[in-house]
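Written out below as structure tokens is the structure these notes cover.
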Amino acid sequence: MRFAVLRFPGSNCDQDCLRTLQDNFGQTAEPVWHKQSAVSGFDVIIVPGGFSYGDYLRCGAIARYSPVMRAVAVEAKRGTPVLGICNGFQILCEAGLLPGALVRNRGLHFICRQVHLRLENNSSPFTCAGRVGQVLRVPVAHGEGCYYADEETLHRLEDANRIAFRYCDADGDISPQSNPNGSLHNIAGILNEKGNVLGMMPHPERACEERLGSSDGRLVFESLLGPALAATR
Amino acid sequence: MKDPAITPEVIAKHGITPEEYERIRGILGRDPNFTELGIFSVMWSEHCSYKNSKPELKKFPVAGERILVKAGEENAGVLDVGDGWAVAFKIESHNHPSAVEPFQGAATGVGGIIRDIFTMGARPVFLLDSLRFGPIEKDAPGSATNRHLLSGVVSGIAHYGNCIGLPTVGGETWFDETYAGNPLVNVFCLGVLRHEEIARGAAKGIGNPVFYVGAETGRDGLAGAAFASRELTEESKEDRPAVQVGDPFREKLLLEACLELLASGCVAGIQDMGAAGLTCSTCETASRGSSGIDVDLDLVPKREDGMTPYEILLSESQERMLVIVNKGQEDSVRQIFEKWDLPYAQIGKVTDDGIMRIRAGGEVVAEIPASSLTDQAPIYHREAAEWTPPAPLDIASVPETDLQAALPRLLAHPTLARKRWIWEQYDHMVRNGSVVGPGSDAAVFIARECGKLLAASVDGNGLITRLDPREGGRRCVAEAARNLACSGAVPLGATDNLNFGNPQKPEIFRQLRDAVEGMAEACRAIGTPVTGGNVSLYNENPSGPIDPTPVVAMVGLIEDESHITGQSFRGAGDDIWLLGEREAGLDGSQFLLIVHGRKEGRPPQTDLAGEIVLQDALRQAIRDGLIRSAHDCAEGGLAVALAESCLSGDTLVGAEVELPADGLRADETFFHEAPGRIIVSSDPKNRDALAKYFSGRGVAARRIGTTGGDALSLKLHGADISWPLTTLHAAWDRSLGDLMDTVAEPLAAH
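So the sequences go chain by chain: X and C.
The opening residue of the first sequence carries number 62 in my numbering; numbering runs sequentially from there.
The opening residue of the second sequence carries number 2 in my numbering; numbering runs sequentially from there.
Following this line, the structure appears as structure tokens:
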């Protein structure tokens, strides 16, 4: 498969995403510069983590105006899978491709640690290799990862099964104690209405090798690759 | 604005002595003007010229077969790591700025050291930090200020490193009243590059254009180098304009643009504008290139109007670089810097007359032989006081205490407690290489660019150095090497940060001299050349100098992934071994300081020959697959080291340990801090092999217990003290966060 990894000024997980896709999954992955106005011919678009435009004004608030984001919106509408990780999730919310917003962590500090996620929906292209209730260990690294949306939006997300991941403990229990940043409903990742856009604060690309502490993040890429990965075997 | 006249007061205010002023007149053959006086004052400050420490720094071993760029040659040393790959690394302090404005002071310290690394043509891949603060316990005097400094420094480092996308993978933090009001903030950065990618900071090629790239120049950080070369006083707050303001986003762009520019092959020389800004970068590149440089300040991108030549030259605005470009390739600079939306300007050219010539408003405003600024600074051989070795501690004067309570108390002390509150604020995982992250003896990192497994540790012990400077110097080097050995690595090289008080005081200069000699002795014995470093003097506050704190960061290489070893026990049923000799005494121990409030005694001496045998033997045992975990016995002694091995893994693993009666008191046995001791665990099936192995190599090795259970039990003299792991873990894991966080957790459930 062919992956696009967007590159904004201040992106800093772009290289990690490219290397993970190339080295761990043997895929074609190419950087796409933010000034490009087209992003066609790719099977998946990844909006990586980092501090696009220094996170000035508000996380993702400037990146959404990049020419490439208009192209991403077109591709998303056509059904191309779009995965926003960390700052990428923030950008997708700012761009209106996902509802809600990411605000300052409850504890006010930046937090980098391994957390547990419960998979809530396995019908999306990003999660279809998993089972509902499965617990994954994946790291977070963010200062503004507290998911916020109004009551109505939260209801809509819950009712349409659009919550992909929730923060939980090692046993899969969801509680305030297992919520690292104060996200409403312990939300760690959400899908758009069509299910082809996923935004998540945790970093699956950092959890693809046991030696780095976990390989549970492979599930996201294996889901996307499903048939393609099987074909290469 | 008209420049002030040069009066004795103006000269003194620039930190220039009457003798130094005469030297300047001799060099110029005339009186300097105000701008030139400013240039000399920053270039001849301790920070830039090392005028008080240079004779001492010459004592470090700098040669080695892996050395590609030697200490002092460039912004950072470069070492070969095999297969055509190299590492550039260095440690640097930002103590004074952090004392005045902790967030920006620490942030710009990170920015500065990162620039030093990519200036060498290397891609920076990770950071370490070494920090010192005054006491933060709620009832300690000045604790609110100390907490403010800790909080500001940590968020400053996090702000800068996280934004750039560099993981802080390790470090150390100590708390002691000696650092109240004068915190130490030392940051290390390592980058990787191909041998052929090494860039030089020399102005080569007569007629080559000189470019200014990066952020605009403003009035911030005026003469910060001179500020850093003074003692801190009550009035230092008024120096706040001497602290720079950092913009990590700009630095990230500058980093990417510079690496792209270097790859394009158009660069003849490159130098960052750090301390002393435009002044230092222009005269240093000219001096290294044995050339001259001619620069027009009217062409420099500026943030504000009306800046005088003096202000432009002495500004320490951050995120700026000077690039000398091969004539005819100017378009590469334009293309790349426009792509990254960064300011750039051609501001001058390389000349052949050896003069640093500065123009403004159509006139020459400074004209100084470039090498006089870099090579003709005065060198002071300071007077050293006589040293009287401290009296050994009389153990009978130490009352025996409740040891059941002492261990949790030590583990909860900020110096010994887990530093999770600090490193969770750092993105320590970005770049996907952190195999062993913060909180272990050494960090282990895969540099994805080259696939090399690098290990790194940073160490320093101000208390030991205060009691015995030479031993303090030896010990930090031996400990760093031991930490690398525990991780399975061979040490390659070291970088030093010398944090001391005012060297004009004979007592302080003696500490500096002896500590450097101790470090040099240990580096020579272990075979790790010093590739460069940093000197921070005048670390004093109104109540006196800091405890002398030499810090060393050492880098090693792990040959095979299977050799990577951690400090935590891996599971139940393993043998626990203590490698190294047991000795008596509590001299210079953290136990004596924390429990009895005493900084006393004659610290046990590092046996360098024994240390090398020990480290080689451990490394070989690791390679032979005999070792499951290895942990250096350092601050807090045997009991704290055992507790850390029980507590620091993903799951808690207990231990039952029995120590033979040998006439020592229990507190000595538990908390004594002799260097050269390591706790390892291994599979019992290797018991005989391991015993033979160590005795054959002359390493004292004693099997002291077994892992397993949900407690740490120490048996001694027939008595048995046992601590539930959950109690120890709570004390060790939560204490720093409990002291620092006032935010209530968690919110009510939704």
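For glycine and all other residues, C-beta sits at the position ideal for the given N, C-alpha and C.
- Contact between the segment 531-546 of chain C and the segment 404-416 of chain C is absent: fewer than 3 CB-CB pairs across the two stretches fall below 8 Å.
- Here X/Leu178 is not near X/Val164, since their CB atoms are 9 Å or more apart.
- In the three-state reduction of the DSSP assignment, C/Cys267 falls in the coil class, being assigned neither a helical nor a strand state.
- In the three-state DSSP reduction, C/Ile628 falls in the coil class, being neither helix nor strand.
- Against chain C, the beta carbon of X/Pro265 has no neighbour under 7 Å; the closest one sits roughly 12 Å away.
- At least one CB of chain X lies nearer than 9 Å to the CB of C/Leu254.
- Inter-segment contact for the segment 26-37 of chain C and the segment 504-517 of chain C is absent: fewer than three beta-carbon pairs are separated by less than 8 Å.
- For the C-beta of C/Asn96, not a single chain X residue is nearer than 7 Å; the gap to the nearest is close to 24 Å.
- For X/Pro200, the nearest beta carbon of chain C is closer than 9 Å to its own beta carbon.
- The beta carbon of C/Gly463 sits closer than 6 Å to the beta carbons of Asp548 and Thr550 from its chain, once the five residues preceding and following it are set aside; these are given in chain order.
- Not flagged as an interface residue toward chain C: X/Phe64, since no C-beta distance is shorter than 9 Å.
- Distance from the CA of C/Glu659 to the CA of X/Leu118, rounded to the nearest whole angstrom, comes to 60 Å.
- The beta carbon of X/Gln88 sits no closer than 9 Å to any beta carbon of chain C.
- The residues Pro507, Phe510, Arg511 and Arg514, in chain order, have a CB closer than 7 Å to that of C/Ala385 in the same chain once the five nearest residues on each side in sequence are set aside.
- Scanning X/Val199, X/His203, X/Pro186 and X/Pro160 for the CA closest to the CA of X/Arg167 turns up X/His203.
- Rounded to whole angstroms, the gap between the alpha carbons of C/Met274 and C/Gly208 is 22 Å.
- C/Lys205 is the residue among C/Lys205, C/Ile114, C/Thr146 and C/Leu485 whose C-alpha sits nearest the C-alpha of C/Lys328.
- In the structure shown, X/Arg227 falls within a strand segment according to DSSP collapsed to helix, strand and coil.
- With a 10 Å radius around the Cβ and a threshold of 16 neighbouring Cβ atoms, C/Gly363 comes out exposed.
- When DSSP assignments are scanned along the segment 618-698 of chain C, the uninterrupted stretches of beta strand (DSSP E) that are 3 or more residues long and fall wholly within it turn out to be 630-633, 656-660 and 679-683.
- With distances taken between CA atoms, X/Phe69 lies nearest to X/Tyr114 out of X/Gly102, X/Tyr114, X/Phe187 and X/Cys78.
- Residue range Glu331 to Lys340 is occupied by the alpha helix (DSSP H) that includes C/Lys340, with no beta strand (DSSP E) assigned at that position.
- Sequence-distant partners of C/Pro546 (beyond 5 residues in either direction) whose C-beta falls short of 7 Å from its own C-beta, in its chain, are Gly502, Asn503, Ile509 and Asn540.
- Residue contact with chain C for X/Thr81: present (Cβ-Cβ distance below 9 Å to some residue of chain C).
- Flagged as an interface residue toward chain C: X/Gln76, by a C-beta distance shorter than 9 Å.
- Here X/Tyr126 is exposed, its C-beta having fewer than 16 other C-beta atoms within 10 Å.
- The alpha-carbon separation between X/Glu271 and C/Ser458 amounts to approximately 23 Å.
- Rounded to whole angstroms, the separation of the alpha carbons of C/Pro184 and C/Gln621 is 39 Å.
- The shortest CA-to-CA distance from C/Trp175 to any of C/Asp689, C/Ala448, C/Arg419 and C/Ile705 is the one to C/Arg419.
- By the C-beta density criterion, X/Thr188 is buried, having at least 16 other C-beta atoms within 10 angstroms.
- The three-state secondary structure of C/Glu364, taken from DSSP, is strand.
- In the DSSP assignment, X/Phe64 is bridged to X/Ala90 and X/Val105.
- A Cβ-Cβ contact shorter than 9 Å links X/His95 with X/Met130.
- Under a 10 Å Cβ-count criterion, X/Ala210 is classified as buried, with 16 or more other Cβ atoms of the shown protein chains found around its own Cβ.
- X/Ile123 sits in coil when the DSSP states are folded into three classes, being neither helix nor strand.
- Assigned with DSSP and collapsed to three states, X/Met261 falls in strand.
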